[in-house]
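Written below as structure tokens is the structure these notes are about.
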Amino acid sequence: MPYQKARFIVGTGRCGSTILSKMMNLHPDVAVLSEFMVSMDIVNRLGQREISGADFADLLDCGVKAGAGEYKRIVNHLRTPEIMYMGGPDNLPETAEGYKDGVFPEILLIPLSQLFDDPEPVFHELIAVAKRLPTQLLTDQYRFIFEWLCEKAGKLIWIERSGGSIFCVDPLLELFPEAQFLYLYRDPLDVALSMQQHNHFRVMTFEMLDLQTDDGIRWADLDESDLNNRRPMSERLASVMRHPVPLEPFLENVRDTSLAGLAAVDKLTEEQYRALSFERIMASPKESLIDIAEFFGLTANVEWLDRAAALLNPAQLAKKIEDPALRALADEYCGEVMRRLRALDKHTM
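Each residue of the sequence shown is one higher than the one before, counting from 1 in UniProt numbering.
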């Protein structure tokens, strides 16, 4: 069965790709699979191999067994802004009855809720369809499901966009060797500061660094009485959520993922790869969208350009952070990244 060319938007976390995916999703032909790859079993989602339909369905609906399980138990409290299910995390019920391991599937919370007004039946149908697929290469399982979702959404072309996916270019190329990649990048300091303010990034880093709150609470001290969606959250979890996390580990995150991603995209042909800054999207949204459309082989009609550009909030306009101390810290950790980004030439929009 012939499949369409794979298209991906990649970048670090907090690079601005969420708003770009919403802009692209307004295109009459495009279904953006937003955060799809990071909503799955993060241990086994990549790596070319033969896999049965039942096992593939387990990747899509992985419960808490594979990566970030404890965070899935507190989605109400993390208040992740990317969650669109039921209108956002503030509206989620305290229990996820009927779902594996008692947690809401991330595929339901984010990608399906951005594509469909009634995502629950689509999720259940998606899992049923996946289970019926024959044993075949992982790439063929993905291609079938992506095109199934595209058709279900009434669109013609799918584009997958996941935060932090710049780190996965090489394994994505193994699965989709013909794929096109739009690399969205942003001022590393701006990215790190955004990560520092984002509950999910901050809590994950709190755990990774084994920090403790002023009252001596570590992540490892939390138990089932804390790691749940009941409101209000426990005082111990609230203490963790309030605790500040230094900027340095977020700068390290930006540095490591960016350098790995730049090394991967450097090997791609001009037909496969373009780079675009978030700052340019904010400054020249319609021109940026026209360039993206040309790269991905889309028609850039005026109605789409107007509707997509209107999504941008002028209050969020990317601005140069001039604080000398912060700039010095960013240069210490991300100087090489910034030099590499400035050197992007023939691939830059």
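Yeah, the Cβ is synthetic: ideal placement off N, Cα and C, and Gly gets one too.
C-alpha distance - residue i paired with residue j, whole-angstrom precision
i: aspartate 101; j: aspartate 61; result: 10 Å
i: glutamate 82; j: phenylalanine 176; result: 26 Å
i: leucine 156; j: glutamate 50; result: 27 Å
i: glutamate 303; j: arginine 236; result: 49 Å
i: aspartate 190; j: arginine 14; result: 9 Å
i: glycine 154; j: leucine 115; result: 10 Å
i: isoleucine 74; j: methionine 40; result: 17 Å
i: alanine 343; j: glutamate 336; result: 11 Å
i: phenylalanine 181; j: alanine 54; result: 29 Å
i: glutamine 4; j: alanine 238; result: 46 Å
i: proline 249; j: cysteine 334; result: 11 Å
i: glycine 261; j: arginine 186; result: 14 Å
i: alanine 263; j: leucine 341; result: 12 Å
i: alanine 325; j: glutamate 252; result: 17 Å
i: leucine 112; j: aspartate 90; result: 18 Å
i: methionine 241; j: glutamate 106; result: 21 Å
i: isoleucine 145; j: glycine 216; result: 46 Å
i: residue 356; j: glutamate 332; result: Any answer about residue 356 is impossible in this case: the structure gives the chain only from 1 up to 349.
i: leucine 184; j: glutamate 279; result: 10 Å
Chain C contact for residue i (CB, 7 Å cutoff)
i: glycine 335; result: The structure shown contains no chain C; it is built from a single protein chain.
From the options, residue whose alpha carbon lies closest to that of residue i
i: leucine 259; options: Phe36, Ile166, Asp140; result: Ile166
i: leucine 172; options: Arg186, Asp187, Ile145, Thr139; result: Thr139
i: serine 17; options: Gln4, Leu33, Phe250, Pro28; result: Leu33
i: glycine 11; options: Asp256, Met86, Asn76; result: Asp256
i: glycine 87; options: Asp215, Gly69, Ala57, Asp118; result: Asp118
i: alanine 328; options: Ala128, Pro188, Phe201, Ile292; result: Pro188
i: proline 314; options: Ala308, Arg307, Met282; result: Met282
i: isoleucine 159; options: Glu94, Thr348, Leu20; result: Leu20
i: aspartate 221; options: Arg7, Glu70, Ile9, Pro2; result: Glu70
Cβ shell of residue i (< 6 Å), same chain only, five flanking positions each side left out
i: methionine 233; result: His77
i: residue 357; result: Residue 357 is absent from the model: the chain starts at 1 and stops at 349.
i: leucine 109; result: Ile83, Tyr85
DSSP bridge partner residues for residue i (one or two, in chain order)
i: glutamine 212; result: Arg218
i: tyrosine 71; result: BP columns for tyrosine 71 are empty, so no partner.
i: arginine 7; result: Gln180
i: glutamate 160; result: Phe8, Leu33
i: glutamate 50; result: Leu137
i: serine 277; result: Tyr185
Contact set for residue i: own chain, Cβ-Cβ below 7 Å, skip 5 residues either direction
i: aspartate 268; result: Note on identity: in this sequence residue 268 is leucine, with aspartate being the wrong assignment. Around leucine 268: Phe181.
i: serine 52; result: Thr135
i: tyrosine 99; result: Pro105
Chain-order list of residues whose beta-carbon lies under 8 Å from that of residue i (same chain, five-residue window excluded)
i: asparagine 25; result: Ala31, Val32, Ser34, Gln114, Leu115
Original post:
Counting pairs of beta carbons, one from the region 240–259 and one from the region 201–215, are three or more of them closer than 8 Å?
Top reply: yes
Original post:
Taking contact to mean at least 3 C-beta pairs separated by less than 8 Å, is the region 189–199 in contact with the region 281–292?
Top reply: no
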